[in-house]
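All the letters of the sequence shown, read from the start, carry residue numbers 958 to 1350 under the working numbering.
Glycine is no exception: its CB is placed at the ideal position from the N, C-alpha and C atoms.
Here the structure is a predicted model, which means the values were calculated and not measured.
Below you'll find the structure, written out as structure tokens, and then a few comments.
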Amino acid sequence: MRLTKLIIMRMFMLMMCVWASLEGMAQANAIKMADSDMKRNPEAWMIDFSKALKWNYCHGLVMQSILQVWDKTGNTKYYDYVYDYADTMVNTDGTIKTYNALDYNIDRVNTGKILFPILNKTGEQRFVTAIELQREQMRTHPRTSGGSFWHKKVYPHQVWLDGLYMAGPFLAQYAKENNEQALFTDVALQITDVRKHLYDPKTGLYFHGWDESKQQRWSDPNTGLSPHFWSRSIGWYMMSIVDVLDFLPANHTSRPEIIKILQELAASLEKFRDPETGMWYQVTDLGYREGNYLESTGSIMFIYAWIKGAQKGYLNENYLEKGKKAYDQYLAQFVKTEEDGTCSITDCCSVAGLGGEKNYRDGSFEYYISEPIRDNDPKAVGPFIMVSLLLNR
């Protein structure tokens, strides 16, 4: 009996050691990817292959992840990298270079999230003003009849899944920091209204966009929906949910409904994984069609939502194990080491949207697979760093 107990104890200790090493590897992956992206972009305004100063969501996404590396390691080089960007972009009066609230571009709001920890550390009044500018945009941002934010002023009456991430977590954090209780209900409405209009009961997935006016060429004349499921857009929606829940009060009346939405979607996505690699396709449900490909930005967003959702108790704990396995599969499929020692993420869709005045994006299958594919797109880099840190919480 003693020998059996001793064997069991040693096996348990060995398993704990193996898991500790896996945790350490995940944090090392986060640090290596952050260092690699900082090397590729010596100034943070260069993120997203930018040639000039820009206040945009990709910058905010990557810098949010780099701030999390700083929080995890205490190494000030990560904070300094982000602060230098904020210092450059936010003028002394709190206005933001390249940002105009009256453009009503929801993408621009995401970068506002990096200002909360910077303000907390510095106390500089200009960052208060900059945060308020973006909050003010959303007070008057155009909406559908049901209250959902338009994606942009130049895309009237349209809701894109992408936009849920761009404004939701920022507004939820603002509501908590400023005790604006009514704002929590508005943020929750954005998530639940998407469930009402963009959900497909046949697949359990969500269409990329919805045109309430049904005037866009890409929209179905009866439903107003775009024709396909784009993995990254669904990933944006999932990430918005798990990040908004960080701030939404535990007793908020919409919280159970939002968690149920996450649970439904997490389960639906399992049906569309590639059985060989465990990853997801650019057009989520059509992996069998020629030209479709395994895509890294949507895949890492799904993994992030699975792992964080399970760690927070929103999803069944088995999603943590599924997420860990998917993370390892992601490393095997998409992450490579370059000759200079940096690491890269491959097979990223550079961009995809709907409509527009030039080179109209019709939302067809052919459109989604035609957009350029590149390495180290920020929409993969940022979530990869964040999920690697989650695994070493």
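D1028: buried (16+ other C-beta within 10 angstroms of its C-beta) or exposed? Here residue 1028 corresponds to residue number 71 of the sequence shown, with the count starting at 1. Result: exposed.
Name the one or two DSSP bridge partners that Q1115 has. Position 158 of the sequence shown, counting from 1, holds the residue named residue 1115. Its beta-bridge partners are D1168.
Counted within 10 angstroms of its Cβ, other Cβ atoms place G1031 as buried (16 or more) or exposed: Your numbering for residue 1031 matches position 74 in the sequence shown. Burial call: exposed.
Check G1312 in the structure and name its three-state DSSP category. For the purposes of this step, residue 1312 is identified with residue 355 of the sequence shown, where counting begins at 1. Residue state, collapsed to three classes: strand.
Outcome for S1307 when other beta-carbon atoms lying within 10 angstroms are tallied against a minimum of 16: What you label residue 1307 is simply residue 350 of the sequence shown in a count that begins at 1. The residue is exposed, with fewer than 16 neighbouring Cβ atoms inside 10 Å.
Rounded to a whole number of angstroms, what is the C-alpha to C-alpha distance between Y1038 and V1019? Position 81 of the sequence shown, counted from the start, is the residue given in the question as residue 1038. Position 62 of the sequence shown, counted from the start, is the residue given in the question as residue 1019. So the alpha carbons of these two residues sit roughly 11 Å apart.
Over the uninterrupted beta strand (DSSP E) stretch that includes V1292, give me the two end residues. The sequence position of residue 1292 within the sequence shown is 335, counting from 1. V1292 -> beta strand (DSSP E) spans V1292 to T1294.
How many angstroms separate the CA atom of I1342 from the CA atom of G1266? Along the sequence shown, read from residue 1 onward, the residue named residue 1342 stands at position 385. Along the sequence shown, read from residue 1 onward, the residue named residue 1266 stands at position 309. One C-alpha to the other measures close to 17 Å.
On the CB-based measure, 16 or more other CB atoms within 10 Å of its CB, does N1136 come out buried or exposed? In the sequence shown, residue 1136 corresponds to position 179, counting from 1. So N1136 ends up on the exposed side.
Measure the beta-carbon distance from D1041 to A991 and round it to whole angstroms, keeping in mind my assumption that it falls under 8 Å. Position 84 of the sequence shown, counting from 1, holds the residue named residue 1041. Position 34 of the sequence shown, counting from 1, holds the residue named residue 991. The Cβ separation is near 15 Å, so there is no contact.
Enclosing alpha helix (DSSP H) for I1004 [first to last residue]: Counting from 1 along the sequence shown, the entry for residue 1004 is found at position 47. Counting along the chain, I1004 falls outside any alpha helix (DSSP H), and DSSP gives it neither H nor E.
Quick one: what's got a C-beta closer than 6 Å to V1116's C-beta in the same chain, skipping five residues either side? In the sequence shown, counting from the first residue as 1, residue 1116 sits at position 159. Within the same chain, V1116 has close Cβ partners S1105 and W1167.
With DSSP collapsed to three states, give me the class of L1182. Here the question's residue 1182 lines up with position 225 in the sequence shown. If DSSP states are grouped into helix, strand and coil, L1182 belongs with the strands.
Need the endpoints of the beta strand (DSSP E) that S1301 sits in, please. Within the sequence shown, the letter at position 344 stands for residue 1301. Where S1301 is concerned, the enclosing beta strand (DSSP E) stretches over C1300 to I1302.
Quick one: is A1132 buried, meaning 16 or more other Cβ sit within 10 Å of its Cβ, or exposed? Start at 1 with the first residue of the sequence shown, and residue 1132 comes out as number 175. Under this definition A1132 is a buried residue.
Less than 9 Å separating the beta-carbons of V1085 and A1129? As a first step, residue 1085 must be located in the sequence shown, where it is residue number 128. As a first step, residue 1129 must be located in the sequence shown, where it is residue number 172. No, these two residues do not count as a Cβ contact at 9 Å.
Which runs of the alpha helix (DSSP H), 4 residues or longer, sit entirely within the segment 1218 to 1289? 1253 to 1268
Taking the alpha helix (DSSP H) that P1335 falls in, what are its first and last residues? Against the sequence shown, residue 1335 aligns to sequence position 378. It spans P1335 to L1347 - the alpha helix (DSSP H) in which P1335 sits, taken as one unbroken run.
In the DSSP assignment, the alpha helix (DSSP H) including L1051 goes from what residue to what residue? Here residue 1051 corresponds to residue number 94 of the sequence shown, with the count starting at 1. Before going on, a small fix: residue 1051 reads as Gly here, not Leu. Here G1051 belongs to no alpha helix (DSSP H), and DSSP marks it neither H nor E.
F1106 - DSSP class collapsed to helix/strand/coil: As a first step, residue 1106 is located in the sequence shown; it is residue number 149 there, counting from the start. Looking at F1106 - three-state DSSP - the assignment turns out to be strand.
Kindly indicate which three-state DSSP category Y1040 falls into: helix, strand or coil? Position 83 of the sequence shown, counting from 1, holds the residue named residue 1040. Three-state DSSP puts Y1040 in a helix.
Can you tell me whether L1182 is buried or exposed, with buried defined as 16 or more other CB within 10 angstroms of its CB? Mapped onto the sequence shown, residue 1182 falls at position 225. L1182 is buried by the Cβ-count criterion.
By Cβ distance, which residues of its chain are closer than 6 Å to P1362, with the 5 residues on each side in sequence left out? The structure shown does not extend to residue 1362, since the chain is modelled only from 958 through 1350, so no value can be given for it.
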